[in-house]
Amino acid sequence: MGRVVTVATCALNQWALDFEGNLERIIKSIDIAKSKGARYRLGPELEICGYGCSDHYYESDTLLHSFQVLEKLLESPATQDIICDVGMPVLHRNVRYNCRVIFLNKKILLIRPKVSLANAGNYRELRWFTPWSKARHVEEYFLPRIIQEVTGQETVPFGDAVLATKDTCLGAEICEELWAPNSPHIEMGLDGVEIFTNSSGSHHVLRKARARVDLVNSATAKNGGIYILANQKGCDGDRLYYDGCAMISMNGETVAQGSQFSLDDVEVLVATLDLEDVRSYRAEISSRNLAASKVNPYPRVKVNFALSCPDDVAVPTCMPIQWRHHSPEEEISLGPACWLWDYLRRSKQGGFLLPLSGGIDSSATACIVYSMCHQVCLAVKNGNADVLADARRIVGDEAYTPEDPRELCRRVFTTCYMASENSSQDTRSRAKLLAQQIGSYHINLNIDAAVKAVVGIFCAVTDRTPQFSVYGGSSRESLALQNVQARIRMVLAYLFAQLTLWARGMPGGLLVLGSANVDESLCGYLTKYDCSSADINPIGGISKSDLKNFIQYCSDSFQLTALSSIMSAPPTAELEPLLDGQVAQTDEADMGMTYAELSIYGKLRKIAKAGPYSMFCKLINMWKEICTPREVASKVKHFFRMYSINRHKMTTLTPSYHAENYSPDDNRFDLRPFLYNTSWSWQFRCIDTQVSAL
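Using UniProt numbering, the first residue of the sequence shown is number 1, and each one after it goes up by one.
Here it is in structure tokens:
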């Protein structure tokens with residue numbers, strides 16, 4: 001009797017609407033799975049069209065092209081003698097569903113629609129799809145003619161069912177269903193399903209992977225079974241990075257772990273497991289067996305196929321392993337670096353340009369690009385032909401092989417220090433030294449002439465000359481003069497991005513990188529349309545405290561000694577005049593709050609869903625050892641005034657790598673007004689009443 005099964009899952013770097021490339025990666029993953037002896041292959045959520053199609057799901061073209069790809073898969077020799085489980089949108093009775101299409105030897109076995117849709121944070125699945133609400137119910141689905149001609153089937157089962165093979169029973173979950181409080185695997189397991197599958201489109205957030213792994217392992221810890229998870233990886237066209245982590249778990253323990261960050265477009269994970277281990281694990285859990293005796297059964301689709309072989313007694317099986325998690329600093333080093341590489345190669349540009357100020361934020365961005373170059377060289381060294389081909393196309397040299405990260409950095413990364421009369425020699429030196437150590441092509445320029453020209457136009461028209469506050473000017477004058485400098489830097493950044501490679505006799509243009517962190521964006525401590533305005537921003541979803549730790553990590557891991565002085569220097573915009581040649585302006589003084597406080601405000605505002613009054617109530621306990629209630633009230637009011645006054649800046653925020661759950665990204669994650677009554681009169685009065693009582 002067969003008892004040992006070999007199953008495969010994968011992480012694929014799919015791209016929204018790239019049907020040709022998506023098909024190639026799917027077939028490649030099936031080929032690899034079969035070569036390793038797998039009899040079942042699971043792929044990521046909506047892998048045929050790519051997860052991030054957004055409103056393109058409304059288009060009939062997306063459905064048509066998905067079925068055309070399915071036709072190619074059904075016809076491919078690669079899909080013979082292996083159960084293939086692929087994801088695509090399906091229109092059933094004029095309702096659009098997020099589905100798994102499971103097929104074997106040119107026959108569709110089951111179309112399983114998603115039951116619980118992801119509709120929080122960055123997810124908007126209810127906008128495009130409808131959840132299947134008919135539990136344990138199956139209907140007939142009439143196949144399109146192009147599929148009928150391949151399969152010879154007119155209709156196939158569509159709904160909430162499981163597959164019964166000759167030797168076991170499989171049940172499918174789709175992404176969010178694992179995270180739901182009433183996950184289908186619970187009832188499926190009680191009904192005798194031994195192998196659970198989950199196809200995900202789960203994106204990276206710092207420190208999230210541990211929660212995902214714990215959910216998968218706990219899914220089979222109480223109920224027994226084999227759990228297989230597939231996930232998308234890479235940047236498929238927007239702010240998110242899908243971080244792989246394909247895995248296979250049995251009876252509460254991980255037996256196979258995929259990478260979280262890599263430049264491999266196709267990663268396949270295979271495990272050989274003994275079904276008798278599941279059965280014996282379940283046998284002694286009496287509470288589970290009592291519940292199983294009363295469960296409402298699932299419809300079973302019978303499959304004349306076995307995942308095991310008759311004579312498999314001597315086949316070795318996989319043993320439990322310990323999951324190795326990345327530190328947050330490693331996640332910052334790897335995740336945004338892989339995201340940048342995907343964006344660079346898919347946008348077909350020649351590299352990046354970064355205004356490098358010599359501060360922590362722009363230096364962290366530079367280190368992420370340097371890490372990207374490390375990853376590219378490592379992938380090429382390990383024989384990744386796709387990465388090598390992309391690198392050669394980007395640099396415009398078909399004979400080039402990237403071996404040294406610093407040398408690659410010089411080809412694809414331009415840094416630019418834009419000095420003004422308010423810039424210190426310290427920041428100029430720090431920027432130059434860091435550029436030398438990472439190998440970037442570095443430019444030093446001075447913007448004073450452009451600033452004077454722009455301000456001169458205003459003076460000529462109004463016959464008034466604005467002054468900085470240190471020279472007797474008002475705050476309005478000083479702020480306007482600071483903003484002019486910042487905005488001219490943005491204009492120059494784009495000019496140099498378009499023409500630097502031309503001036504160097506190289507092909508292509510450069511993508512401009514922004515370097516505003518999540519905390520600065522939250523309180524609006526940036527000039528609208530300054531250097532924070534860029535093509536993409538790899539650190540826009542990362543807190544200042546995490547960036548400081550990341551800088552220390554880079555200093556140690558990459559031996560970048562220039563980072564030591566950058567870490568010790570107080571953050572400054574350097575937009576106001578120097579005093580005796582030294583910087584007089586600091587970020588935290590300008591903001592009226594520390595970066596540590598900002599992170600707390602951000603988490604309470606977004607994650608804890610706290611308005612001004614609730615935030616005050618939470619902070620008087622959190623800060624009771626360091627602040628009086630009246631001081632807490634003052635801090636909360638100041639934050640909400642700053643936040644609401646500057647919220648309009650979020651509407652033009654540069655697309656940023658999503659890494660924090662308190663990101664103020666206005667695009668889809670943090671939906672708020674951008675015109676507030678900034679007096680918050682009712683809310684602040686409630687705080688004042690409570691302060692008086694205390």
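Note that beta-carbon positions come from the ideal geometry of N, C-alpha and C, so glycine has one too.
Where residue i falls: helix, strand or coil (DSSP)
i: Q257; result: strand
i: R300; result: strand
i: I447; result: coil
i: T272; result: strand
i: V315; result: coil
i: Y40; result: strand
i: N217; result: helix
i: S29; result: helix
i: I82; result: coil
i: I536; result: strand
i: D243; result: strand
i: P131; result: coil
i: A486; result: helix
i: S475; result: helix
i: N22; result: helix
i: G383; result: coil
i: T415; result: strand
Whether residue i touches residue j by CB criterion (8 Å)
i: G225; j: G258; result: no
i: R100; j: I174; result: yes
i: V156; j: L170; result: no
i: A453; j: V268; result: no
i: S249; j: V303; result: no
i: Y525; j: D463; result: no
i: A366; j: I443; result: no
i: C416; j: L434; result: no
i: Y370; j: P336; result: no
i: I687; j: P577; result: no
i: K233; j: L12; result: yes
i: L23; j: A230; result: no
i: T427; j: L353; result: no
i: D243; j: A211; result: no
i: T272; j: T220; result: no
i: A534; j: L513; result: yes
i: T254; j: W339; result: no
Whole-angstrom distance between residue j and residue i, CA atom to CA atom
i: S35; j: M88; result: 25 Å
i: K618; j: I607; result: 13 Å
i: L408; j: R393; result: 13 Å
i: L307; j: A135; result: 27 Å
i: V213; j: E154; result: 40 Å
i: R124; j: E45; result: 14 Å
i: P571; j: Y51; result: 39 Å
i: P310; j: R3; result: 8 Å
i: P655; j: D238; result: 8 Å
i: N98; j: K114; result: 6 Å
i: K635; j: C84; result: 57 Å
i: V295; j: H137; result: 15 Å
i: L356; j: S363; result: 7 Å
i: A120; j: H203; result: 13 Å
i: S515; j: D160; result: 47 Å
i: F103; j: R39; result: 12 Å
i: C245; j: L575; result: 44 Å
Exposure label - residue i; buried when at least 16 CB within 10 Å
i: V266; result: buried
i: E398; result: exposed
i: W680; result: buried
i: M247; result: buried
i: M418; result: buried
i: E47; result: buried
i: E331; result: buried
i: M642; result: buried
i: V95; result: exposed
i: A78; result: buried
Other residues of its chain near residue i: CB distance less than 8 Å, five sequence neighbours each side excluded
i: S347; result: L511
i: I600; result: L619, M622
i: V315; result: V4, T272, C309
Proximity test, Cβ basis, 8 Å: residue i and chain C
i: C367; result: The chain labelled as chain C is not found in the depicted structure, where only one protein chain is given.
Cut-off 6 Å between Cβ atoms - residues of its own chain near residue i, not counting five sequence neighbours on either side
i: M650; result: P664, D666
i: residue 700; result: The displayed coordinates of the chain run from 1 to 694. Any statement about residue 700 would go beyond what the structure contains.
i: H648; result: F674
Proximal residues to residue i (C-beta, below 7 Å), its chain only, five neighbours per side dropped
i: V632; result: F616, L619, I620, W623
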